[in-house]
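Per UniProt numbering, residue 1 is the first one in the sequence shown, and the count goes up by one each step.
The beta-carbon is built from N, C-alpha and C at its ideal position, and this holds for glycine as well.
Report on the structure given below.
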Amino acid sequence: MPEYKAPLRDMQFVLHDVFKAEQLWETMPAMEEVNRELADAILEESAKINESLIAPLSQPGHEEGVTWADGVVTTPKGYPDAFKQLADGGWGGLSGAPEYGGQTMPKMLVLLFEEMLYSSNIAMGLYLTLTSGAALAIASHASDELKTKYLPNMYSAKWAGAMCLTESHAGTDLGMIRSKAIPQADGSYSISGTKIFITGGDHDLTENVIHLVLAKLPDAPAGSKGISLFLVPKIKVNDDGSLGEANGVTCGSIEHKMGINASATCVMNFDGAEGYLVGEVNRGLQGMFTMMNYERLSVGIQGLSAAEAAYQWSSIYARERIQSRAPSGPVNKDAAADPIIVHPDVRRMLLTQKAYVEAGRAFAVYVGKQLDLSKFASGEDQQRGAAMVELLTPVAKAFLTDKGLEGTVLGQQVFGGHGYVREWGMEQLVRDVRISQIYEGTNGIQALDLMGRKIAANGGQTLALLIAEMRDFSASATSVSGMDEFLTPLNGAVDNLESLAAYVLEQVKAGDANAIGAASVEFLHVMGFTLYTYMWAMMSKAVLSDDCAQGDAFAQAKLHTARFFVQRLLPQASGLSESIRNGSASLMDIPEEAFA
């Protein structure tokens, strides 16, 4: 299995040269101590621990998997020690609230650490990032008493966190959950029910697991309006912060899965467990969505991370594997054949991976920027950042993971037969990343959320903000020599996105109840291609505006890859757009019996 190397230069390029992060942080009082020197030091230390400690555990952990015996969950060899080293290094509290021991680092920076962690080992990364997400929900919605009691040990990763939503009969439709919360005289609640597919629901990495559980009170309204959120520790916590007795929270079994074998995916049973209300009664989804939106970007980064690892390994393999001769004649005349990178189709696969990964990284940081604005800015900047987070989160989750799977499959294809056998590690990447399109809301649900709630529900007002931003960028970049070849496709993509949204909204107004559902997936992909075009235009401007970079191989590779993207990948958006404009009839007119 090849080694993982953190793409530090590209990360620093995106953070500093494209998005001018240090200048942005200077405008935010909470970020006043964060500068380029500190950011680079964090990235460099992250690279060291992920390359040397976390990545080597990925393949053996995948082969060994998690085990369950008599209710006890055991992670693979080396995982508890490695997780402790992550905890001791403070990596679990990077984005936490400072009053409870967190470090308040900007999301733009933290997500790059998450990318390295997931590229090294998705299964290990899940334990840490789910804890961070649970802590975020607690910090945002819980009482001061609960924050003081639980957050310090979660930020230190002494305790882990998990989110408990899904039940066997209730996945996407959470309004159907049956888990019950009975009020107690002391203000706590007795929580009973069974949750399935709970990532990190139980394990041996930490002393305690803090569950955020969705449940309903006896008099709750029907449907999603009757869901409340509760904090339920695996082990009760005494008033002095010490651990008490078991809390009626047990793991009934673990799932045997296609991938992420070292991640414990649990069936969790709550048998009269003591829980504490987080937020308001019957408004639990608001609190849980704070965590879910965080996790949806995190899942998107999983897709990006797997594709990054696949690209690294397949590009090395393509330069070393000797097969056949180049179409233009022998390149390696002293050998029996040429390296396969001389072949156009291999270059197509490698460049496709590279183009999606580098645009995806820029897009993830761009979304991280919006999260930072929504949290740390003020006034209109904060409001705009929050609106953009809402709009972009489903795209980040779905498009990054769709292209993540595509990237790992392309990487596997470059390896040929060697990509199909376990020792090279490529088939594990395909297995591991596949779940990212499914959990935290399937990508089809993300597309419905984007088209229905984030665009149609407000008449496309937030989308109009994004479109105006892209047009403003294009207008401002026309003075940079060499930008025309990237701005012309960007302008065309933006015009198409705007007209496509208008078309769907017109179909809705005309009474087509299926218009949103029929268009949603293709629309999300068109929007993804448009955003990636925007990212490539911004990256190209950063290169072309820097006279010192013109002869730099890294900078020139950026321009070559940008050119490949707009010429060979962006045209897919035209076909997807035509599909949308053909309407919903061909989907919905066929009778159900025809599927028999």
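Whole-angstrom distance between residue j and residue i, CA atom to CA atom
{"i": "Ser499", "j": "Leu505", "result": "10 Å"}
{"i": "Leu109", "j": "Ala594", "result": "51 Å"}
{"i": "Asp40", "j": "Gln12", "result": "7 Å"}
{"i": "Asn443", "j": "Pro330", "result": "45 Å"}
{"i": "Gln567", "j": "Asn269", "result": "53 Å"}
{"i": "Asp81", "j": "Thr129", "result": "17 Å"}
{"i": "Gly407", "j": "Asp271", "result": "43 Å"}
{"i": "Phe83", "j": "Pro591", "result": "53 Å"}
{"i": "Leu214", "j": "Ile445", "result": "20 Å"}
{"i": "Val249", "j": "Ala97", "result": "28 Å"}
{"i": "Val267", "j": "Ile210", "result": "15 Å"}
{"i": "Phe565", "j": "Leu391", "result": "24 Å"}
{"i": "Leu205", "j": "Ala262", "result": "12 Å"}
{"i": "Pro489", "j": "Ala170", "result": "43 Å"}
{"i": "Trp313", "j": "Pro218", "result": "54 Å"}
{"i": "Met588", "j": "Ala519", "result": "12 Å"}
{"i": "Leu297", "j": "Met470", "result": "21 Å"}
{"i": "Lys77", "j": "Gly61", "result": "7 Å"}
{"i": "Gly303", "j": "Lys333", "result": "39 Å"}
{"i": "Ile467", "j": "Val494", "result": "6 Å"}
{"i": "Val365", "j": "Ala69", "result": "41 Å"}
{"i": "Gly101", "j": "Leu151", "result": "8 Å"}
{"i": "Gly379", "j": "Leu38", "result": "27 Å"}
{"i": "Ala387", "j": "Val346", "result": "41 Å"}
{"i": "Gln184", "j": "Ser228", "result": "15 Å"}
{"i": "Gly360", "j": "Asp88", "result": "30 Å"}
{"i": "Met31", "j": "Ala222", "result": "43 Å"}
Beta carbon of residue i nearer than 8 Å to that of residue j
{"i": "Ile196", "j": "Thr172", "result": "no"}
{"i": "Thr131", "j": "Met154", "result": "yes"}
{"i": "Ser577", "j": "Val526", "result": "yes"}
{"i": "Lys369", "j": "Leu112", "result": "no"}
{"i": "Ala135", "j": "Gly161", "result": "yes"}
{"i": "Ser224", "j": "Leu285", "result": "yes"}
{"i": "Ser46", "j": "Gly92", "result": "no"}
{"i": "Leu429", "j": "Ala318", "result": "no"}
{"i": "His141", "j": "Thr290", "result": "yes"}
{"i": "Cys251", "j": "Val508", "result": "no"}
{"i": "Leu570", "j": "Ser481", "result": "no"}
{"i": "Ala306", "j": "Asp432", "result": "yes"}
{"i": "Ala477", "j": "Leu465", "result": "no"}
Beta-carbon contacts of residue i that lie in its chain and below 6 Å, excluding the five residues immediately before and after
{"i": "Gly425", "result": "Met1, Gln59"}
{"i": "Gln461", "result": "none"}
{"i": "Thr194", "result": "Asn269"}
{"i": "Arg384", "result": "none"}
{"i": "Gly452", "result": "Ile516"}
{"i": "Thr393", "result": "Asn293, Arg296"}
{"i": "Lys397", "result": "Arg296, Val299, Gly300, Gln446"}
CB-CB length for residue i against residue j, believed under 8 Å
{"i": "Lys147", "j": "Lys180", "result": "Contact flag wrong, Cβ pair sits at about 26 Å."}
{"i": "Met483", "j": "Lys558", "result": "Contact flag wrong, Cβ pair sits at about 13 Å."}
{"i": "Gln323", "j": "Ile341", "result": "Not really, about 10 Å apart at Cβ, beyond 8 Å."}
{"i": "Met258", "j": "Arg434", "result": "6 Å"}
{"i": "Lys5", "j": "Glu51", "result": "6 Å"}
Contacting residues, own chain, Cβ-Cβ under 7 Å from residue i (five flanking each side not counted)
{"i": "Leu531", "result": "Phe363, Val395"}
{"i": "Ile316", "result": "Pro2"}
{"i": "Lys236", "result": "Gly244, Glu245, Asn247, Glu274"}
{"i": "Gln437", "result": "Thr401, Asp402, Leu405, Asn443"}
{"i": "Glu358", "result": "Asp10, Thr561"}
{"i": "Met539", "result": "Val18, Ala362, Lys558, Ala562"}
{"i": "Met349", "result": "Leu410, Gln413, Val414"}
{"i": "Asn491", "result": "Ser474"}
{"i": "Arg178", "result": "Glu167, Gly193"}
Own chain residues within Cβ distance below 8 Å of residue i, not counting five before or after
{"i": "Tyr439", "result": "Phe197, Thr199, Val299"}
{"i": "Arg581", "result": "Leu500, Tyr503"}
{"i": "Ser188", "result": "Glu274, Gly275, Tyr276"}
{"i": "Ile301", "result": "Leu111, Glu114, Glu115, Tyr118, Ala364, Leu400"}
{"i": "Ala337", "result": "Ile322, Gln323, Ser324, Arg325"}
Residue i beta carbon near the ligand MN (any heavy atom closer than 7 Å)
{"i": "Arg348", "result": "This structure does not include the ligand MN; it has no bound ligands of any sort."}
- request: Would you list, in sequence order, the uninterrupted alpha helix (DSSP H) runs of no fewer than 4 residues that lie entirely inside the stretch 83-152?
  value: 107-120, 122-141
Runs of alpha helix (DSSP H) wholly within the stretch 282-352 (minimum 4 residues, chain order): 284-320
query: Counting only runs that start and end within the UniProt domain "Acyl-CoA oxidase/dehydrogenase middle" (162-271), where is the beta strand (DSSP E) found for 3 or more residues in a row?
result: 180-183, 189-199, 208-215, 228-233, 235-237, 243-246, 249-254
Continuous alpha helix (DSSP H) assignments of at least 4 residues falling wholly in the stretch 424-481: 426-434, 443-448, 461-477
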